[in-house]
């Protein structure tokens, strides 16, 4: 086996051949070196331009987005402001309505209360109502709630005063009616007495229409004859009319009664009227006669006047 170790000449040849290639490569690299050196900056500048374009478009997009967000925010702010103004306007309107309502109620209540105060003069105490009216009269300087409170208080007091005045007026009206009835009754009695007196004078004290006195009077009739002569100065002619009158009414019976409630010799209606002459009015002839003679004298002026009335209308 032969050793194939290259000979020195061969090795040198290859080395010589190799060296030019390497040198050529180096020269080629050196020849292209400047272009390589400046390529990187060119690419870097292009990248910068591209990035700038991207960044610029990003700023534009960001600016547009920011502007849009600002417009939305502005719109929301305007809507909120409008809503706040609307609410404030409603609050203002509600306050104005309360003020007008309070003023209206105050004026109406003052009118009613004033009339109540006027009607209370000399009839009932209205000092509390007067104080409330004085306070309510300043309603323009008061809050609506205070005005409404005073209105309620004043109305209650005005109602109380009006009720008190109505009661006073009712009592006064009843008294006036009773006085008028008494006056009418008195006038009727005076008229009847005058008519009886006129009839008696025209017919004469012992005329044919006048009843005669009994010759033998009963015990009750004797009491009546003596009493009428002593108290009223009436003579036998009047006694005759009295006997005839009470014969017709009761037959001179102390216990005579009538379904109408009339009782006793003079037929008092009701019988308890005769208690003014005595507590024994239900059983005593003298008490009944005393009351009966007083009634006749006061209403008809004489016994014959009462008799004539009884004859003409059936009762006396």
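In UniProt numbering, the protein residues as written are 1 to 316.
Even glycine gets a Cβ: it sits at the ideal position worked out from N, Cα and C.
Everything numeric in this text was worked out from a predicted model, so none of it was measured.
Close Cβ partners of residue i (< 8 Å) along its chain, the five nearest in sequence each way excluded
i: residue 260; result: 269
i: residue 211; result: 240, 241, 243, 244 and 307
i: residue 265; result: 220, 246, 249, 250, 252, 253, 254, 256, 285, 288, 289 and 292
i: residue 295; result: 266 and 268
i: residue 71; result: none
i: residue 180; result: none
Residue i (DSSP reduced to helix, strand or coil)
i: residue 300; result: helix
i: residue 115; result: helix
i: residue 257; result: strand
i: residue 232; result: helix
i: residue 182; result: helix
i: residue 316; result: coil
i: residue 279; result: coil
i: residue 318; result: The structure shown does not extend to residue 318, since the chain is modelled only from 1 through 316, so no value can be given for it.
i: residue 305; result: helix
i: residue 310; result: helix
Cβ neighbour criterion (16 or more within 10 Å) applied to residue i
i: residue 324; result: Past the edges of the chain, shown from 1 to 316, lies residue 324, and the structure says nothing about it.
i: residue 249; result: buried
i: residue 102; result: buried
i: residue 171; result: exposed
i: residue 237; result: buried
i: residue 274; result: buried
i: residue 126; result: buried
i: residue 147; result: buried
i: residue 302; result: buried
i: residue 309; result: buried
i: residue 141; result: exposed
i: residue 305; result: buried
i: residue 271; result: buried
For residue j and residue i, believed in contact at Cβ under 8 Å, the rounded distance
i: residue 164; j: residue 124; result: 4 Å
i: residue 168; j: residue 154; result: That belief does not hold up - the Cβ atoms of residue 168 and residue 154 are roughly 21 Å apart, past 8 Å.
i: residue 136; j: residue 117; result: Incorrect: roughly 12 Å between the Cβ atoms, too far for contact.
i: residue 129; j: residue 105; result: With a Cβ gap of about 17 Å, residue 129 and residue 105 do not count as contacting.
i: residue 224; j: residue 161; result: Between residue 161 and residue 224 the Cβ distance is about 59 Å, and since that is not below 8 Å, they are no contact.
Close-in-space but distant-in-sequence residues of the same chain around residue i (CB under 7 Å, 5 per side omitted)
i: residue 283; result: 254
i: residue 178; result: none
i: residue 222; result: none
i: residue 358; result: No information on residue 358 is available, as it lies outside the stretch 1 to 316 that the chain covers here.
Other residues of its chain near residue i: CB distance less than 6 Å, five sequence neighbours each side excluded
i: residue 276; result: none
i: residue 232; result: 297
i: residue 47; result: Confidence at residue 47 is low in this model, with a pLDDT of 47, below 50, so the placement of that residue should be treated as unreliable; the coordinate-derived value is given next. Closer than 6 Å at the Cβ level, and outside the excluded window around residue 47, lies no residue.
i: residue 262; result: 269
i: residue 280; result: 287
i: residue 311; result: none
The ligand FMN heavy atom lying under 7 Å from the CB of residue i
i: residue 137; result: By its list of ligands, the structure shown contains no ligand whatsoever, and the ligand FMN lies outside what it can speak to.
Residue-level contact to chain D via CB, residue i, 8 Å cutoff
i: residue 280; result: The chain labelled as chain D is not found in the depicted structure, where only one protein chain is given.
Of all the beta strand (DSSP E) runs that stay within the bounds of the stretch 121-164, which reach a length of 3 or more residues? Residue ranges of uninterrupted beta strand (DSSP E) with 3 or more members are absent from the stretch 121-164; none lies entirely inside it.
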